[in-house]
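Residue numbers (our numbering): 15 to 101.
Each remark here refers to the structure printed beneath this line.
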């Protein structure tokens, strides 16, 4: 895939597919942040969740075979973090 293919796929996933599967991005990441905050007894934000999920995808690129999904999802999570930061 070319760079624009990764970005286009990520754009479709965060705008359409994942919205239908997981609902509103901000609400979903806020819910995750609340659970992580309770579990770790420290405050996480919706943006923290998106950034850490992007880092998870980066970590996955270090092991195993090439998986395009890691790059697509990484781009998607970073774009979600940016959208949340803009809100």
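All residues carry an ideal CB built from backbone N, CA and C; glycine is no exception.
Residue i to residue j span [Cα, whole Å]
i, j, result
"residue 15", "residue 66", "25 Å"
"residue 93", "residue 79", "25 Å"
"residue 59", "residue 48", "8 Å"
"residue 39", "residue 18", "22 Å"
"residue 81", "residue 61", "25 Å"
"residue 51", "residue 42", "14 Å"
Terminal residues of the alpha helix (DSSP H) in which residue i lies
i, result
"residue 16", "Taken as a continuous stretch (DSSP letters only), residue 16 belongs to no alpha helix (DSSP H), as it is neither H nor E."
"residue 83", "82-100"
"residue 72", "60-74"
Test item: CB-CB of residue i and residue j under 9 Å
i, j, result
"residue 24", "residue 86", "yes"
"residue 13", "residue 95", "The chain is shown only over 15 to 101; residue 13 falls outside these bounds and no answer can be derived."
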